[in-house]
Amino acid sequence: MQTPDLTIADRIQARLDTLTRAERQLADSILQNYPASGLGPISALAHDADVSTPTVARMVQKLGFKGYPEFQSDLREELKAKVQSPIAKHDTWATGVPSGHMLNRFTDAVIDNIRQSLAQIDTGDFDTACAQLADTTSRLHIVGGRITHTMAEYLFLHLQMIRPDVIHIQSTSNTWPHYLLDVKPGDTFVIFDVRRYESNTLKLAEMAHQRGAKIILFTDQWRSPVHRLAEISFSSRIVVPSAWDSATTTLLLVETAIAAVQDLIWDDTKDRMQTLEDMFDQTKLFRKFT
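Once you know that position 276 of the sequence shown is 276 in full-length UniProt numbering, the rest is easy, because the numbers rise by one and skip nothing.
Next comes the structure, spelled out in structure tokens:
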């Protein structure tokens, strides 16, 4: 079995330049319904991708596996990891707990997550996403889930100061039709969805996509089902020695995007922020020491 540091999706992305045309076609098919796509017989995977069985066997070996059974074994382990509850995650971590203080162990895990996540990110995709976020000709909608709503709120608060027409969609699905009512083709949805993926989030993404919206997804290394609808997906590694997943890498991407968007439209942003500061002064919201 392969090292757990890299998912099969990571391995595919890292080797795209070495794949033949047929193998790229196969890789795209695998990623469309990842990781469940490779759990059936090798002939079924070949049929779904419209390639030959030998093509599947060759690409599996290029990914570092001895054969299709070993490839499937890793996929099954990834599928288990996607649906783990906090209790199961803690039990898995505790059985192999390394020595050292929690501060060091946790920090080492987070740094490793950041390093591996950034190595997999396409800078062109990141620049395109930031340009979309900075495009004031269309509205921007931001939504998170049960846990990720905090990152959605953080991004919303900053982008609302940077540009107009930013909408924070609340996590309760019974209000979504009201938000979707005025969505126009070309609007952008930023969606946060990590493992134990929420069915309501996928439904919202489907409805927004049907109305012509572009989707930017922040997800984890196993990738939310929303990635099939997203124009751009950012997969962050989230595993740390805890019953809970880490949001550090995702937050790093979010804060970097905020800085990039601010720079792209700084002249307008500066005026907007000055107006906001004047309002703060009028309300005496912040204490002044001069």
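For every residue, glycine included, the Cβ atom is placed at its ideal position computed from N, Cα and C.
Endpoints, the alpha helix (DSSP H) within which residue i is located
{"i": "I114", "result": "M102 to Q120"}
{"i": "D125", "result": "T123 to A134"}
{"i": "V190", "result": "Note, V190: premise wrong, no alpha helix (DSSP H); beta strand (DSSP E) at T188 to F192."}
{"i": "L16", "result": "That residue, L16, is in no alpha helix (DSSP H); it is neither H nor E in DSSP."}
{"i": "S37", "result": "S37 -> no alpha helix (DSSP H), and no H or E assigned at all."}
{"i": "I30", "result": "R21 to Q32"}
{"i": "I162", "result": "H149 to I162"}
Cβ distance (whole Å) where residue i is taken to contact residue j below 8 angstroms
{"i": "S29", "j": "D10", "result": "Not quite, the Cβ-Cβ distance comes to about 17 angstroms (not below 8 angstroms), so this is no contact."}
{"i": "S235", "j": "Q132", "result": "Actually they do not touch by this definition, with Cβ atoms about 18 angstroms apart."}
{"i": "N172", "j": "D193", "result": "The question names Asn, but residue 172 is Thr in the sequence shown. Actually they are not in contact, since the Cβ atoms of T172 and D193 sit about 16 angstroms apart, beyond 8 angstroms."}
{"i": "L155", "j": "V190", "result": "7 angstroms"}
{"i": "L202", "j": "P225", "result": "5 angstroms"}
{"i": "residue 292", "j": "V143", "result": "Outside the shown range of the chain, which is 1 to 290, sits residue 292, and nothing can be said about it."}
{"i": "D50", "j": "Q25", "result": "7 angstroms"}
{"i": "N104", "j": "S246", "result": "Between S246 and N104 the Cβ distance is about 15 angstroms, and since that is not below 8 angstroms, they are no contact."}
{"i": "L63", "j": "I8", "result": "7 angstroms"}
Three-state secondary structure (DSSP) of residue i
{"i": "P4", "result": "In this prediction, P4 has a pLDDT of 48, which is less than 50 and means its spatial position is unreliable; nothing more can be read from the coordinates."}
{"i": "L204", "result": "helix"}
{"i": "residue 297", "result": "Within the shown structure, residues of the chain are numbered from 1 to 290, placing residue 297 beyond reach of any answer."}
{"i": "S138", "result": "coil"}
{"i": "I42", "result": "helix"}
{"i": "K62", "result": "helix"}
{"i": "D182", "result": "coil"}
{"i": "S173", "result": "helix"}
{"i": "S52", "result": "coil"}
{"i": "A94", "result": "Model confidence at A94 stands at a pLDDT of 49, short of 50, so the residue's coordinates are unreliable; what they give is reported in the following sentence. Correct three-state label for A94: helix."}
{"i": "S224", "result": "coil"}
{"i": "T219", "result": "strand"}
{"i": "I258", "result": "helix"}
{"i": "I232", "result": "strand"}
{"i": "I87", "result": "Low confidence applies here, because I87 scores a pLDDT of 46, under 50, leaving its location unreliable; read the following figure in that light. If DSSP states are grouped into helix, strand and coil, I87 belongs with the helices."}
{"i": "R76", "result": "helix"}
{"i": "P241", "result": "coil"}
{"i": "A9", "result": "helix"}
N-terminal and C-terminal residue of the beta strand (DSSP E) that residue i is part of
{"i": "V166", "result": "V166 to H168"}
Bridge partner(s) assigned by DSSP for residue i
{"i": "V143", "result": "I191"}
{"i": "S246", "result": "Note: S246 sits in no beta bridge, so no partner."}
{"i": "S199", "result": "S199 pairs with nothing; no bridge assigned."}
{"i": "K270", "result": "Partner(s): none; K270 has no beta bridge."}
{"i": "K214", "result": "T188"}
Check whether the segment 23–40 touches the segment 245–259, counting contact only when three or more Cβ pairs, one atom from each stretch, lie closer than 8 angstroms.
-> no
Flag this pair as touching only if the segment 211–223 and the segment 174–191 have three or more C-beta atom pairs under 8 angstroms; answer yes or no.
-> yes
At least three beta-carbon pairs within less than 8 angstroms, the segment 261–275 to the segment 154–162 | yes
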